[in-house]
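Since the structure comes first, as structure tokens, the remarks are kept for the end.
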Amino acid sequence: MDKVCAVFGGSRGIGRAVAQLMARKGYRLAVIARNLEGAKAAAGDLGGDHLAFSCDVAKEHDVQNTFEEMEKHLGRVNFLVNAAGINRDSLLVRTKTEDMVSQLHTNLLGSMLTCKAAMRTMIQQQGGSIVNVGSIVGLKGNSGQSVYSASKGGLVGFSRALAKEVARKKIRVNVVAPELIPRTVSIREMEKADRINVTLRSPEQHGT
Numbered sequence: 001m002d003k004v005c006a007v008f009g010g011s012r013g014i015g016r017a018v019a020q021l022m023a024r025k026g027y028r029l030a031v032i033a034r035n036l037e038g039a040k041a042a043a044g045d046l047g048g049d050h051l052a053f054s055c056d057v058a059k060e061h062d063v064q065n066t067f068e069e070m071e072k073h074l075g076r077v078n079f080l081v082n083a084a085g086i087n088r089d090s091l092l093v094r095t096k097t098e099d100m101v102s103q104l105h106t107n108l109l110g111s112m113l114t115c116k117a118a119m120r121t122m123i124q125q126q127g128g129s130i131v132n133v134g135s136i137v138g139l140k141g142n143s144g145q146s147v148y149s150a151s152k153g154g155l156v157g158f159s160r161a162l163a164k165e166v167a168r169k170k171i172r173v174n175v176v177a178p179e180l181i182p183r184t185v186s187i188r189e190m191e192k193a194d195r196i197n198v199t200l201r202s203p204e205q206h207g208t
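As structure tokens, then:
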């Protein structure tokens, strides 16, 4: 049976580099992004039998439908990577409420929804791995990024709690907090981020 890895936010940046790394490790990839054409381009670059899907992670029905389609065409998801995220740099007093909501929904709620959807299958198969991609600003904060920092800081707490919830089901949950990485990051640049590389290289040995 094929090992299946779903990468949300897989069309660029960290997500795209992770997809390339996991393809090298022998996984069949589901590359997911809001923009389907971008996801198709990233999946096509991997070679082999990988598929692209469009999904807005902030919408629960989109997430549910995407998991149904992935299972239908690829099989059950063994490895989930949440790299989808948006940032709207602004001082808090100048930040529109809708920009606050969109960042929190995409960066935090979105990962919650994808994790929840993945849990159903992972619990049934008694195992799985999840990596949530946070940011160093979620730990340290940064001027002009108060909302983004909150969303990524929340992701750390969520990941730690979820890891405790599902550990007995042999499901590993990790969160990584890289420095600022360009959208066009390469695998070589990705491998410089030691914490991410270690987590992806041996997910079975790590738990948040």
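Under UniProt numbering, think of the first position of the sequence shown as 1, with each following residue one higher.
Every residue, glycine too, gets a C-beta built ideally from N, C-alpha and C.
What does DSSP give as the partner residues of residue 222 in its beta bridges? Since the first residue of the chain shown is 1 and the last is 208, residue 222 is not available in this structure.
If you drop the 5 nearest sequence neighbours on each side, which residues of the same chain put their C-beta closer than 6 Å to that of Ser146? Leu92
Which partner residues of Ile130 appear in the DSSP bridge assignment? Leu80, Val173
Contacts around Gln125, its chain only, beta-carbon distance under 7 Å, and the 5 residues preceding and following it disregarded: Arg76
Check whether Tyr148 and Asn87 have beta carbons under 7 Å apart: yes
What does the alpha-carbon distance come out to for the pair His61 and Ser111? 14 Å
Give the DSSP-derived three-state secondary structure of Glu179 in the structure shown. coil
Can you tell me the Cα-Cα spacing of Lys3 and Lys25, whole angstroms? 10 Å
Can you list, in chain order, the residues of its chain with a C-beta nearer than 6 Å to that of Val18? Leave out the 5 residues immediately preceding and following it. Val7, Val81
Just to confirm, is the Cβ distance from Asp99 to Gly144 under 7 Å? no
Am I right that Val166 and Val133 are in contact with their C-beta atoms under 8 Å? What's the rounded C-beta distance? Their Cβ separation, rounded to whole angstroms, is 19 Å, which puts Val166 and Val133 out of contact at 8 Å.
Would you give the residue range spanned by the alpha helix (DSSP H) that Asn65 belongs to? 60-73
Tell me whether the beta-carbon of Ala23 lies closer than 7 Å to the beta-carbon of Leu46. yes
Quick one: grab the DSSP three-state call for Lys140. helix
Indicate whether at least one CB of chain B lies closer than 7 Å to the CB of Gln125. Among the chains in the structure shown there is no chain B, since it carries only a single protein chain.
What would DSSP say about Ile187, mapped onto helix, strand or coil? Its pLDDT being 49, under 50, Ile187 is placed unreliably in this model, and the value from its coordinates should be taken loosely. Looking at Ile187 - three-state DSSP - the assignment turns out to be helix.
Looking only at C-alpha atoms, which of Gly128, Asn107, Thr121 sits nearest to Ser135? Asn107
Could you check if Thr97 is buried or exposed, using at least 16 other CB atoms within 10 Å of its CB as the buried criterion? exposed
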